[in-house]
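Engineer:
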Amino acid sequence: MNVLIINAGSSSLKYQLMNPDTGVVSAKGLCERIYIDGRLTHNANGKKIVKDIPMPTHSEAIQAVLSILVDPVEGVIKSTDEIDAVGHRVLHGGMEFFDSCIINDEVIAAIEKCIPLGPLHNPANLMGIRACQAVMPSTPQVAVFDTAFHMTMPPVAYRYAIPTEYYKNDSIRRYGFHGTSHKYVTKRAIELMGRKDIKLVNCHLGNGSSLSAVKDGKCQDTSMGLTPLAGVPMGTRSGDLDAAVVQFVMNKYGMSADECLNMLNKKSGVLALSGISSDFRDIEEGAEAGNADCTLALDKFAYEVRKYIGSYAAALGGLDCLVFTAGVGENSASMRARICQNLEYLGVKLDPEKNNVRGKEAIISADDSKVTVWVIPTNEELMIAQDTAELVNAAK
Ligand code: ADP
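Residues in the sequence shown are numbered consecutively from 623, following our numbering.
1) Where DSSP assigns a beta bridge to H710, which residues make up the other side?
2) CB-CB under 8 angstroms to M815, same chain, minus the five flanking residues each way: which ones, in chain order?
3) What I want to know is whether the C-beta of S834 ends up closer than 7 angstroms to one or more non-hydrogen atoms of the ligand ADP.
4) Can you find the residues in the same chain that come closer than 6 angstroms, C-beta to C-beta, to I820, ignoring five residues on each side of it along the sequence?
5) Where does H772 fall in DSSP's three states?
6) Tell me the residue span of the beta strand (DSSP E) that contains K840.
7) Assuming contact is defined by CB atoms lying nearer than 8 angstroms, are C736 and G715 in contact in what I supplied?
8) With C-beta atoms as the reference, is S633 less than 8 angstroms away from R655?
9) Taking the straight line between their C-alpha atoms, what separation do you get for G857 and S722?
10) If you follow the alpha helix (DSSP H) that A911 is in, where does it begin and where does it stop?
11) Span of the beta strand (DSSP E) holding F946?
12) Could you spell out where the beta strand (DSSP E) holding M640 opens and where it closes?
13) Measuring only between beta-carbons, confirm whether K1018 sits less than 8 angstroms from chain C.
14) Within 10 angstroms of the Cβ of L742, are there 16 or more other Cβ atoms? Answer buried if so, exposed if not.
15) Leaving out the 5 sequence neighbours to the left and right, which residues in its chain are closer than 6 angstroms to G697 when beta-carbon positions are compared?
16) Contact between the segment 963-976 and the segment 841-861 is defined here as three or more beta-carbon pairs at a separation below 8 angstroms; is this criterion met?
17) Should the segment 702-717 be regarded as contacting the segment 780-787, the criterion being three or more beta carbon pairs within less than 8 angstroms?
18) Which residue from A811, Q963, K992 and R781 puts its Cα closest to that of K840?
19) Quick one: any contact between the segment 724-740 and the segment 863-872, if contact means 3 or more CB pairs under 8 angstroms?
20) Per DSSP, what are the beta-bridge partners of H826 in this structure?
21) Would a C-beta distance cut-off of 8 angstroms place V766 and H710 closer than the cut-off?
22) Residues with a Cβ closer than 6 angstroms to any heavy atom of the ligand ADP, in chain order?
23) Taking all protein chains shown into account, decide if A914 is buried (16 or more other Cβ within 10 angstroms of its Cβ) or exposed.
24) Taking the alpha carbon of F902 as the reference point, which residue from L1013, V854 and G828 has its own alpha carbon closest?
25) Would you report the Cα separation of I905 and A835, rounded to the nearest angstrom?
26) Checking 8 angstroms against the spacing of the C-beta atoms, do L886 and R928 come in under that value?
27) Exposed or buried, A1019, counting other C-beta atoms within 10 Å across all chains shown (16 or more means buried)?
28) Per DSSP, what are the beta-bridge partners of H664 in this structure?
29) I'd like the span of the beta strand (DSSP E) that includes T994, first residue to last.
30) CB-CB under 7 angstroms to V950, same chain, minus the five flanking residues each way: which ones, in chain order?
31) Under 8 angstroms between the Cβ atoms of T1010 and V625?
32) What does DSSP give as the partner residues of K818 in its beta bridges?
33) Would you call T808 buried or exposed, if buried means 16 or more other Cβ atoms sit within 10 Å of its Cβ?
34) Quick one: measure Cβ to Cβ for D768 and F799, integer angstroms, because I've assumed they're closer than 8 angstroms.
35) Would a C-beta distance cut-off of 8 angstroms place F771 and K818 closer than the cut-off?
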């Protein structure tokens, strides 16, 4: 089976052609500068090709992807009939979607309804869906939502303590993001631990970071909120903040709400604290060279992640398993060690040698650690492909 995975942004579109059973990716690439001029970067057969192709809309971008996939020289399939299904990453499923689903007119209408919650991403995701429908009308399409995994949260976790009308009228509540990643590592953790009834905290630590608290495979809480701005500090996002800071900054500097939110989303986080970069590798280098601001940025990040782990252990009533994933979680042994410092009281004890691992599934806790600590590389594309295949096969 071949699943085409599409992640459509406002001016870009990422794609992968994957076998959902083996996880083997036969081709992947990126369309950029859609609406401007158009460029396709395609990786297949061990080769990278870059082509300038006019892409006045997402439709031409999808056309370009399909053309190169079936190209007699550069392609990996003979005809688009060999694409059995398309899986679309969709940012916000609001209160409409609790799981991935096969796309039909009602689903499209419901994704449209969620546009106020994901004003930048949902319209782009819809353009990707419509473009695929136009060029491959008989191929089943599936939507996989970044928010869906978190929809099992109880009201105590998802409700904000603000007047109810905002929840009832405007669906303002905690949703959480990176759901496809949290779902994937949860599935792997359950497989690796050999049991489902585990109390699990997932730390997805990348440029954007979020944690989730999971019991019996179901999400109980997560650190991002209505938007991805909430939770721990990130590459350029502030994370949790006293909302009065917004009012203060707007009043003092004559900023609009949008300008202030732009500052919190794009100019804050470890970029602001370190003063040099949003990239953890640069900050780790800076700290090693004696830059105190870089050390503060790393310590602050670790401190907030550690606080979330503690609060989630309290929410779950214990902790059996801690998972690190995404760019920083998978690759930075020093950040994992920094985070797990002082977590011995919870039963978390890292083995420094085992922790010296990068980008592969491994237990990094000591043999006598009560909590099993794992590095589990995330694979959101595989999760999208598997969800897509499962739904499409079930509908046959
Ligand atoms: P995104 O949220 O954009 O998907 P990723 O999950 O790819 O991000 O994570 C990107 C982050 O991972 C960057 O800040 C990068 O510095 C960090 N990272 C990658 N490799 C390492 C490493 N070896 N050590 C420390 N940080 C790393």
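Built from N, CA and C at the ideal position, the CB exists for glycine as well.
Structural biologist: The relevant details are as follows:
1) I628 and A765
2) D942, C943 and T994
3) Relative to the ligand ADP, the beta carbon of S834 is positioned no closer than 7 angstroms to any heavy atom.
4) So the list reads D942 and C943, once near-sequence residues are dropped.
5) Correct three-state label for H772: helix.
6) Its beta strand (DSSP E) spans residues K840 to T844.
7) yes
8) Yes, the pair counts as a contact, with Cβ atoms nearer than the cut-off.
9) 29 angstroms
10) No alpha helix (DSSP H) holds A911; DSSP gives it neither H nor E.
11) Per DSSP, F946 is one residue of the beta strand (DSSP E) stretching across C943 to T947.
12) Looking at the DSSP string, the run of the beta strand (DSSP E) that includes M640 is L635 to M640.
13) Absence of chain C from the displayed structure is noted, only one protein chain being present.
14) exposed
15) L691
16) no
17) no
18) A811
19) no
20) S832 and T947
21) yes
22) G828, N829, G830, G857, D901, F902, R903, E906, A948, G949, V950, N953 and S954
23) exposed
24) G828
25) 28 angstroms
26) Annotated as distal: L886 and R928, with beta-carbon spacing of 8 angstroms or more.
27) Nothing in the structure corresponds to residue 1019, since the chain is present only between 623 and 1018.
28) The partner list for H664 (beta bridge, DSSP) reads G651 and I671.
29) From DSSP, the beta strand (DSSP E) with T994 extends over T994 to V997.
30) Leaving aside the five residues that flank V950 on each side, the residues in its chain whose CB is nearer than 7 angstroms to its CB run, in chain order, L827, G828, F902 and M957.
31) yes
32) Answer by DSSP bridge pairing: none, since K818 is not bridged.
33) buried
34) Between D768 and F799, the beta carbon gap of about 5 angstroms places them in contact (Cβ cut-off 8 angstroms).
35) In this structure, K818 does not lie closer than 8 angstroms to F771 by Cβ.
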